[in-house]
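Notes for the one structure printed next.
In my numbering, the protein residues as written are -1 to 128.
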């Protein structure tokens, strides 16, 4: 059971990383999601630039230890991503791309928020034929 729970934790961790990187774009469709994304982005930065441990990594390590596997060597990113999904040397470029994506998505959220009244007025006064 602990192995299964460790695997579920890995899946949730991957989804959390996708939310951190791309969640701002989801807020274009669901604007209130921006607050969830802001927290996730803040947390992602915090655990990567300070010694604050990621709770998902700690949870996976807990389940791994239940199975006698020990902690992830180097943490989640080092174990699953670096030199597996992408070379470690790409980290600076990936960091820049992630920041640009988040900024762009937030600009889009702001733009949609700024123009929301105009679109709502247009829908309210639309003429439907037939």
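From the three backbone atoms N, C-alpha and C, an ideal C-beta is built for every residue, glycine too.
Report task. Mind checking which residues open and close the alpha helix (DSSP H) that includes residue 0? Result -> Start and end: 0 to 27.
*With a threshold of 16 other CB atoms inside 10 Å of the CB of residue 74, please say whether the residue is buried or exposed.*
Buried, by the Cβ-count rule.
| Per DSSP, residue 84 is paired with what? | DSSP lists 80 as partners of residue 84.
Practice task
May I have the straight-line CA-CA distance separating residue 28 from residue 19, to the nearest angstrom?
Solution key: For residue 28 and residue 19, the gap between their C-alpha atoms comes out near 16 Å.
* residue 98 burial status per 10 Å Cβ neighbour count (16 or more: buried) -> Exposed: under 16 other Cβ atoms inside 10 Å.
*asked:* Using 8 Å for Cβ pairs, my map puts residue 39 next to residue 31. What's the rounded Cβ distance?
replied: Incorrect: roughly 12 Å between the Cβ atoms, too far for contact.
Secondary structure at residue 55, three-state DSSP: helix, strand or coil?
In this structure, residue 55 counts as helix in the three-state DSSP scheme.
**Request:** Answer with buried or exposed for residue 61, where buried requires no fewer than 16 other C-beta atoms within 10 angstroms of its C-beta.
**Result:** It is buried - the Cβ of residue 61 has at least 16 other Cβ atoms within 10 Å.
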